[in-house]
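Counting from 1, position 148 in the sequence shown corresponds to residue 148 in the working numbering; the numbering is continuous, with no gaps. Note that beta-carbon positions come from the ideal geometry of N, C-alpha and C, so glycine has one too. Note that the structure is predicted; figures quoted are calculated from it, not measured. Here is the structure we will look at.
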Amino acid sequence: MARQEAPVSPPVVLTIAGSDSGGGAGIQADLKTIEAGGAFGTSAITSVTAQNTRGVHGSHLLPIEDIEAQIDAVFDDFDVAAVKTGMLATEDVIETVRGYADRLPNLVVDPVMVAASGDRLLEPDAEDAYEALIAESTLVTPNADEAAVLTGIDPENEGEAREVGQRLVEMGADAALVKGGHIPVPEVTDVLVTDEDVTTIRHPRVDTDSTHGSGCTLSSAVATRLSHGDNLAAAVESGVDLLSRAIRYNLDVGEGAGAVHHTVEARDRAARERTAETVEGIVAALIDRDVTPVVDAAGLDVVGATPYAEHEHDVAAVEGRVARTLSGLRPNRGVRFGASGRTAELLLNAREERPALSFACRCRNDSRVEAALKELEWGTIDLERDGGPGRVEDAIGPETVALLDRRASSTIVLAERAPTLRERVVTLAETIA
Ligand SMILES: Nc1ncnc2c1ncn2[C@@H]1O[C@H](COP(=O)(O)OP(=O)(O)O)[C@@H](O)[C@H]1O
Ligand SMILES: Cc1ncc(COP(=O)(O)O)c(N)n1
């Protein structure tokens, strides 16, 4: 017998942009981002670029009729909830898209002009044509260079970025997100300007050149959130959040600068169950191997981070820790994300410097544990001497295995893999016993 179908109806997003054969930017970035964000991606290709991580090697503009035919085909059939534009290449294409303005809901305009590699993606005499399209947009997302072309102000600080945003809103955009990736300050500052207020979103700069596709991914992520019904401020905030993670965990593909990790959030969510099960496995093994000598009254805190963990709620742990009882070690509750405070915080700090560190176990701290660590010759850092918890990332080295957090009477054992953590905690317990 045939099975009953179970269709789902995601919101539909349209991207009007160029194709990047290298897969990191353009239509390819847009569709990956839209799908990972839970919407259905449709596309109208403006130009086919021969591109890779090293640069743009060729570009073939499609005839206007073919671009229109794609947009018409999508609109004739789908109930489009949001649209983003990327590489529009020429004045003609920009004007063609503007001709559809009345039918473009939640329009996010990324005024793409130059690729991260430095190659031009927009004819210089097309720059002026953007003004009319921007006037129709829900949001325009220029980087600093594009902002300078569009407004004549080259933003070098937050105040100037705000001024740029105000000019773009005066041009008719509902809002402008002036991106700060290219402004050389330690904290990246993206400024969202509407006619009502200004919101500054700051996030730490990731030390990398691997930002290929960042603008495409950000504008697609925002359009996707708008298609789900988020308000503009929330959509922008979640887009910037995605980007900071997508850049930190960028994709090291190709010989040139890597691409941003378009699907990083979806992949991280998909890894949560596996991470929780791995923590359960470590706990079961430590109980089985009876590591009581390393457990004090505060209990054992066994934690595991998802592969792209950024926050404490991305770290799984036994709620209420694993306690020492007269009949052996017992977990208090089940494994939950966000159940660990300090151990999760220290693991996340350590991951700033060594992102592969994914597991940690909080054990007791006393002279016997410290003597055992010396005997085992494990790389150990002392938080009192080497800085507070926030400074773990400065003190940690490639060989660091344990952190001494005397103030909290804790020793934190770290590992990249679950079996390594399990063996380290067992070895420490056996060395003390
Ligand atoms: N080195 C970086 N570290 C963290 N975030 C970055 C970095 N570079 C860019 N971003 C973020 O990526 C997004 C795109 O910014 P930007 O690079 O300025 O635009 P574009 O990709 O259009 O040139 C912004 O949200 C910005 O904050
Ligand atoms: C087809 C196409 N569209 C856009 C970009 C801009 O890329 P970025 O997001 O790195 O600025 C690109 N390199 N190629």
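Distances from the alpha-carbon of residue 220 to those of 139, 296, 178, 325 put 139 closest.
Sequence-distant partners of residue 427 (beyond 5 residues in either direction) whose C-beta falls short of 6 Å from its own C-beta are missing from its chain.
At a Cβ-Cβ threshold of 7 Å, residue 235 and residue 226 count as neighbours. Scanning its chain for C-beta atoms nearer than 6 Å, with the 5 sequence neighbours on each side dropped, one finds around residue 48 the residues 19, 60, in chain order.
Under the 10 Å beta carbon count, residue 24 is surrounded by 16 or more other beta carbons and is classified as buried. For residue 432, the uninterrupted alpha helix (DSSP H) segment begins and ends at 418-432.
Per DSSP, the unbroken alpha helix (DSSP H) holding residue 159 starts and ends at 158-171. Residue 190 is positioned such that its CB atom lies no closer than 7 Å to that of residue 183.
Note that the C-beta distance between residue 305 and residue 346 is not below 7 Å. The beta carbon of residue 39 lies closer than 6 Å to those of 10, 11, 13, 224, 227 in the same chain, with the five residues before and after it left out.
Counting every other CB atom within 10 Å of its CB across the protein chains shown gives residue 321 a total of 16 or more, marking it as buried.
By the Cβ test, the region 290-297 is in contact with the region 357-369, since at least three Cβ pairs between them sit closer than 8 Å. Distances between the C-beta of residue 216 and the heavy atoms of ligand 2 include at least one below 6 Å. Annotation for residue 16: the continuous beta strand (DSSP E) segment containing it runs 12-20.
Residues of the same chain with a CB within less than 6 Å of the CB of residue 265, apart from the 5 flanking positions on each side, are 242 in chain order. Taking the Cβ of residue 83 as the reference point, every heavy atom of ligand 2 lies at 6 Å or farther away.
Inter-segment contact for the region 63-74 and the region 107-117 is absent: fewer than three beta-carbon pairs are separated by less than 8 Å. Nearest C-alpha to residue 143 among 218, 279, 271: 218.
In the structure shown, residue 247 adopts helical secondary structure according to DSSP, grouped into three states. If you compare the alpha carbons of 367, 276, 399, 372 with that of residue 381, the shortest gap goes to 399. With respect to the 7 Å criterion, residue 353 and residue 396 are classified as neighbours on the basis of their beta carbons. At least one heavy atom of ligand 1 falls within 6 Å of the beta-carbon of residue 143.
The region 325-334 makes no contact with the region 364-376; the number of CB pairs closer than 8 Å stays below 3.
When secondary structure is reduced to three states using DSSP, residue 75 falls in the helix class. Per DSSP, the continuous alpha helix (DSSP H) segment holding residue 274 begins and ends at 272-288. A distance below 7 Å separates the beta carbons of residue 258 and residue 210. For residue 409, no beta strand (DSSP E) encloses it, and the DSSP letter there is neither H nor E. The alpha-carbon separation between residue 111 and residue 87 amounts to approximately 7 Å. Per DSSP, reduced to three states, the secondary structure at residue 311 is coil, with no helix or strand assignment.
The residue among 28, 70, 34 with its C-alpha nearest the C-alpha of residue 50 is 28. Proximity of the region 78-97 to the region 144-161 falls short of the contact definition, fewer than three beta-carbon pairs being nearer than 8 Å. Exposed is the label assigned to residue 208, since fewer than 16 other Cβ atoms lie within 10 Å of its Cβ. Between residue 216 and residue 71, the alpha-carbon positions lie close to 19 Å from each other.
For residue 295 and residue 409, the gap between their C-alpha atoms comes out near 11 Å.
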